Every structure is written in structure tokens, then in C-alpha cells.
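Undergrad: Terminal number for the sequence shown in my numbering: 160, no gaps in between.
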Amino acid sequence: MVVHYTANYSRGADAIAHFNCSNRTIRNGRIRKASAHYMVDDERVLQLVPDTEVAFHCGAVSGLPYTDLANNVIRENGLSANEFLIGIEMCVNVDGVWGKTYAHTVEPDWWLVAKHGLGLDQLYRHYDITHKLCPKMFVEARRCGRSSKTMCSSSQRQKRQPNPAGGGRF
Ligand SMILES: [Zn+2]
-9 MVVHYTANYS
1 RGADAIAHFN
11 CSNRTIRNGR
21 IRKASAHYMV
31 DDERVLQLVP
41 DTEVAFHCGA
51 VSGLPYTDLA
61 NNVIRENGLS
71 ANEFLIGIEM
81 CVNVDGVWGK
91 TYAHTVEPDW
101 WLVAKHGLGL
111 DQLYRHYDIT
121 HKLCPKMFVE
131 ARRCGRSSKT
141 MCSSSQRQKR
151 QPNPAGGGRF
């Protein structure tokens, strides 16, 4: 899994607002493609894309090529890192409670991490994949959060696995 942040500090820019924006009909009945599998805020975790489908949240772009970790551990056969990773967007709206959003995203006993049976060392930052400054606070802290465990230096291969439990909203 890969964590991101919305970089949208606006009041009200919570998971529901981003969920609605991501699923907005833009033209000719087409639905805008969601950019991550999950949108997390201080009150909820919304699933935008099924775990078994690819979302477009951490591909390499001009000026931000894949890191060695992405090339050597995540990707294979020339495929995009998106093919192998579930994306989580954390909301950072000023009227949200960051500590709760953080917990909903990375605390090991919380639903999102537990659902996928992941160890903390299998949670990457977007920065680990392309060196994008995302999530900014985790790049500056050099890890995914305030846990004393190193959470983002795994050498283990992280593959997407279908999860029959499906997504949830709570
Ligand atoms: Zn990101």
C-alpha cells in the first residue's frame, strides 16, 4: 500500500468532498477516474476503487522517475507501479482532526491496515516510489508517522492481492 496526502487544507476538504469530486461526471456522461483506492479523514474511510482494480496514484512522470525501490522491489515486467499498489489518500483539511486521520491510515490495529493483513513495513510513502514530496509530513519525518517502527524501508515484495471482504464505509 502507498500513502498520499491531498495537500488540500481547505475547510471541508474531507473524504466525502474528495470522494464526490473524484466520482464527478465531467463530460458526455463520462466519470472522472478516481486517483486512489481509499480516501481517509478523521471520521471515515471511503473506498473509491475496488482493491482488485488499478487506480492511478503513483506512476512515474517526467522529472519524477521510479526510485530504485520501485524498480527493484515493487514493479516487474515494465508495468506501472500502480499495477501492484493500493493507494490511500489522507485528507488534511484544517477542520479535521489529523491524529484521527493518521490513525485511520497507519495504525496497525485499525481497519484499513488490518484488512489487508499488512505489516507496517509494507506501507510505503508516495515518496518511496517516485520521490514526490508526498505525503509531505511523512517525507519530512522520514517515515510514515510517529511510530517508533520504521515503516517504509521494507525490502519485501508488496503485491496486490484480491480481498474478498471488499471495501467498507464506516
Ligand atoms: Zn501522492
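Every residue, glycine too, gets a C-beta built ideally from N, C-alpha and C.
On a predicted model such as this, the values are computed, not experimentally measured, just so you know.
Going along the chain, which residues of its own chain have a beta-carbon closer than 7 Å to the beta-carbon of residue 136, five neighbours each way excluded?
TA: Residue 136 sits at position 146 when you count from the first residue of the sequence shown. Since pLDDT at residue 136 reaches only 44, below the 50 mark, its modelled position is unreliable, and the value read off the structure follows with that caveat. Result list for residue 136: empty, nothing under 7 Å.
Undergrad: Assign residue 87 to one of three DSSP states: helix, strand, or coil.
TA: Taking the first residue of the sequence shown as position 1, residue 87 is located at position 97. In this structure, residue 87 counts as coil in the three-state DSSP scheme.
Undergrad: Starting from the N-terminal end, write out each residue whose C-beta falls within a distance shorter than 5 Å of any non-hydrogen atom of ligand 1.
TA: With the cut-off at 5 Å, the residues found are -6, 116, 124.
Undergrad: Alpha carbons only, please: which of 73, 128, 53 is nearest the one belonging to residue 40?
TA: Numbered from its first residue, the sequence shown carries residue 40 at position 50. If we check each option's Cα against that of residue 40, 73 comes out closest.
Undergrad: In terms of alpha-carbon separation, which member of 122, 83, 132 lies closest to residue 56?
TA: For the purposes of this step, residue 56 is taken as residue 66 along the sequence shown, with counting starting at 1. The shortest Cα separation from residue 56 among 122, 83, 132 belongs to 122.
Undergrad: Could you pull the start and end residues of the beta strand (DSSP E) that residue -8 belongs to?
TA: Here the question's residue -8 lines up with position 2 in the sequence shown. From DSSP, the beta strand (DSSP E) with residue -8 extends over -8 to -5.
Undergrad: Applying the 10 Å Cβ sphere with the 16-neighbour rule, what's the burial state of residue 46?
TA: Position 56 of the sequence shown, counting from 1, holds the residue named residue 46. Counting Cβ neighbours within 10 Å, residue 46 comes out exposed, since fewer than 16 surround it.
Undergrad: From residue 139 to residue 67, what does the alpha carbon distance come to, in whole angstroms?
TA: Residue numbering aside, residue 139 sits at position 149 when the sequence shown is read from its first letter. Residue numbering aside, residue 67 sits at position 77 when the sequence shown is read from its first letter. Here the model assigns residue 139 a pLDDT of 34, short of 50, so the residue's position is not dependable, and the following value carries that caveat. Approximately 31 Å, taken between the alpha carbons.
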